[in-house]
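Residues 314 to 696 (my numbering) make up the sequence shown, in order.
By construction, the Cβ of each residue, glycine as well, lies at the ideal position given by its N, Cα and C atoms.
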Amino acid sequence: MTEKVALGKCTTYDTDEIYKLLRFQFESLGIEDCRFAGKKVAVKPNLVRKMDSSLGGTTHPSFVEAVSRILKEAGAAEIVVAESPAGVYSESALRAAYKVCGISDAAERAGISLNYGTGSAICKFEGGKVLQNFDIIDPIRGADVIINLCKLKSHGLTAMSAAVKNYFGTISGVEKFEMHARFPDMDNFCSMLVDLCRMYSENKYTVNIVDGIVGMEGNGPTNGEPRRMDLVVTSENAFAADLVCAKLIGLEGGVKTVLISEERGYCSLGGLETVGESIESMKVAGFDIPDTKKPPRFSAVSFLADTRIMRMFEPRPVIDKAKCIGCGECVRSCPKHTIKMSGTKKRRAEIARSGCIKCYCCQELCPRDAVRIRRSLVTKMLT
Ligand code: SF4
Ligand code: SF4
314 MTEKVALGKC TTYDTDEIYK LLRFQFESLG IEDCRFAGKK VAVKPNLVRK MDSSLGGTTH
374 PSFVEAVSRI LKEAGAAEIV VAESPAGVYS ESALRAAYKV CGISDAAERA GISLNYGTGS
434 AICKFEGGKV LQNFDIIDPI RGADVIINLC KLKSHGLTAM SAAVKNYFGT ISGVEKFEMH
494 ARFPDMDNFC SMLVDLCRMY SENKYTVNIV DGIVGMEGNG PTNGEPRRMD LVVTSENAFA
554 ADLVCAKLIG LEGGVKTVLI SEERGYCSLG GLETVGESIE SMKVAGFDIP DTKKPPRFSA
614 VSFLADTRIM RMFEPRPVID KAKCIGCGEC VRSCPKHTIK MSGTKKRRAE IARSGCIKCY
674 CCQELCPRDA VRIRRSLVTK MLT
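In structure tokens:
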């Protein structure tokens, strides 16, 4: 598998500028129009939640327009936007996500379709190391080509979300929560994500484009701060693209999916070939990582952090009652059903500590940033 990655600078969301940069990157990578001619293409953005694209958590609509222009010029037979946002996979949820994230308007301008179907089926992948069956949404299953239009941002569970993590949004609706329950251990969860991505790279033609013009830092993937980085990363190899992204934001060695991909030989620092800008020249200074990943300062605590017993002391989610509006999104998203609503006049969420696997889905889905991450007293005292 190629380990060629294009890294480009772009300071604007002007569609023409993005189109020009992507055309240049495709050419540099040897991605020819014939790859798309007559093919069914699924464009997979990151629409994790209904949120305005200016917040840095979702793929900017200009990328959808720019890439659609390239695909049309190349003679793609079908172009459809396909995404399964976090939560229920229903027509109304899809409509809302497309609208709020600006994708409905972009698709109309580009003259491409949006998927509203809610079908899915199991795809088998014999090569999966921890999982061989994935419940995949129909427009992705039926596509010959996937354009993975992801976002560069921090992530409370996996540290970083870019190309590999974005494929998790091809799994049908609440099945994603079930996956968290099935893989409560972070290492296994990340191995599963690598399996999923590998299934696509072995069975379909994929191009991964990372929107890092304005990404998100801090408590991503949804409650962090927008971060201007002015960069776009493109590669046919999602693992290599993520290796570059991790280096760019100073998380080299700190992203489990990248480490697993390297261990499995899907990408490597030695084999990496970058075209366009250099990684050194595009490094993002002082990128803020999620509270869940902020390391203890003393080695004794670092040692404990590697042991199972330390799971008890991992940062845990708590509800900020002043911000909570009682919408129940977190209750519906919790794979372990440890969140309940309480109160009669004003209903507020409450998390029972026992049973929580610290997947942080509740934080990801809360529309009011009312789920805070609290470090334990022990780690606070030791650090
Ligand atoms: S999702 Fe957020 S606002 Fe809604 S009930 Fe849960 S904590 Fe409250
Ligand atoms: S309470 Fe939040 S972090 Fe804990 S299991 Fe439920 S969704 Fe995951």
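Can you give the beta carbon distance from residue i to residue j, rounded, assuming they're within the 8 Å contact cut?
i	j	result
Val-356	Leu-509	Not quite, the Cβ-Cβ distance comes to about 18 Å (not below 8 Å), so this is no contact.
Leu-564	Ala-472	6 Å
Met-654	Ala-665	So it is not a contact: roughly 12 Å between Cβ atoms.
Lys-671	Arg-629	6 Å
Cys-558	Val-523	6 Å
Met-542	Gly-525	5 Å
Glu-642	Leu-678	5 Å
Phe-376	Ile-331	6 Å
Gly-388	Phe-349	7 Å
Leu-561	Leu-544	7 Å
Tyr-402	Ser-485	5 Å
Arg-688	Lys-636	Wrong, their Cβ atoms sit about 19 Å apart, outside the cutoff.
Asp-448	Glu-488	5 Å
Ala-410	Pro-374	Wrong, their Cβ atoms sit about 12 Å apart, outside the cutoff.
Around the C-beta of residue i, are 16 or more other C-beta atoms found within 10 angstroms, so that it is buried, or is it exposed?
i	result
Arg-540	buried
Pro-608	exposed
Tyr-429	exposed
Ala-423	buried
Phe-611	Interpretation of Phe-611 is limited by its pLDDT of 47, a score under 50 that renders its predicted location unreliable; the figure taken from the coordinates is listed afterwards. Counting Cβ neighbours within 10 Å, Phe-611 comes out exposed, since fewer than 16 surround it.
Glu-439	exposed
Asn-516	exposed
Ile-416	buried
Ser-504	buried
Ser-574	buried
Asp-329	exposed
Cys-647	buried
Tyr-475	With the sequence shown as reference, residue 475 is identified as Ala, and Tyr is not the correct amino acid for it. Buried is the call here.
Asp-327	exposed
Val-365	Checking the sequence, you will find Asp at residue 365 rather than Val. Flag for Asp-365 reads exposed.
Cys-347	exposed
Leu-334	buried
Thr-696	The predicted position of Thr-696 is uncertain, since its pLDDT is 48 and thus under 50; no value can be drawn from it.
Gln-676	buried
Ser-433	buried
Ala-456	buried
Going by C-alpha to C-alpha distance, which of the options sits closest to residue i?
i	options	result
Ala-553	Val-520, Gly-528 and Met-542	Val-520
Asp-633	Val-487, Ala-434, Tyr-513 and Ile-686	Ile-686
Lys-466	Gly-656, Gly-370, Lys-437 and Ile-449	Gly-370
Leu-407	Phe-438, Gly-388 and Ile-450	Ile-450
Pro-497	Pro-680, Cys-674, Arg-681 and Met-314	Cys-674
Arg-454	Gly-589, Ser-341 and Glu-396	Glu-396
Ser-514	Glu-538, Leu-360 and Val-477	Val-477
Arg-362	Pro-398, Phe-339 and Met-314	Pro-398
Asp-604	Thr-657, His-650 and Asn-532	Asn-532
Glu-530	Lys-464, Glu-340 and Tyr-411	Lys-464
Cys-669	His-650, Glu-404 and Leu-572	His-650
Phe-502	Phe-481, Val-413 and Phe-339	Phe-481
Thr-325	Met-512, Thr-483, Val-527 and Gly-432	Val-527
Ile-459	Leu-384, Gly-469 and Val-507	Leu-384
Ser-667	Gly-656, Lys-658 and Ile-652	Ile-652
Pro-534	Ser-594, Ile-602, Lys-658 and Arg-660	Ile-602
Glu-538	His-468, Leu-360, Glu-421 and Pro-358	His-468
Thr-483	Leu-360, Val-631, Leu-556 and Gly-656	Leu-360
Answer yes or no: the CB of residue i versus the heavy atoms of ligand 4, is any distance below 7 Å?
i	result
Cys-679	Ligand 4 is not part of the structure shown, which contains ligand 1 and ligand 2 as its ligands.
What beta strand (DSSP E) runs, 3 residues minimum, are completely inside the region 382-434?
Runs of the beta strand (DSSP E) lying entirely within the region 382-434, each at least 3 residues long, are 391-394 in chain order.
Please confirm if the region 548-558 is in contact with the region 314-333, defined as three or more CB-CB distances below 8 Å between the two stretches.
These segments touch.
Could you pull out every unbroken beta strand (DSSP E) segment of at least 3 residues lying fully inside the region 613-685, listed in chain order?
Within the region 613-685, the complete beta strand (DSSP E) runs of at least 3 residues are 629-632, 652-655 and 661-664.
Are the region 478-495 and the region 439-450 touching, with three or more C-beta to C-beta distances below 8 Å?
Using a C-beta cut-off of 8 Å, the region 478-495 makes contact with the region 439-450, since at least three inter-stretch Cβ pairs fall below that distance.
Going along the chain, which unbroken runs of the alpha helix (DSSP H) with 4 or more residues stay wholly within the region 457-500?
Within the region 457-500, the complete alpha helix (DSSP H) runs of at least 4 residues fall at 476-479 and 488-495.
The region 569-589 in contact with the region 367-385 per 3-pair CB rule at 8 Å
Too few Cβ pairs lie closer than 8 Å, so no.
Do the region 387-398 and the region 350-364 make contact, defined as three or more Cβ pairs closer than 8 Å?
Verdict: yes, contact present.
Which full runs of the alpha helix (DSSP H) of 4+ residues lie inside the region 343-387, going along the chain?
Uninterrupted alpha helix (DSSP H) stretches at least 4 residues long and entirely within the region 343-387 occur at 374-387, given in chain order.
Please list the segments of the alpha helix (DSSP H) lying wholly inside the region 573-597, counting only runs of 4 or more residues, in order along the chain.
The qualifying runs are 592-595.
Which ranges would you report for the alpha helix (DSSP H) in the region 511-579 if only whole runs of at least 4 residues count?
Listed in chain order, the complete alpha helix (DSSP H) runs (minimum 4 residues) inside the region 511-579 are 551-561 and 569-576.
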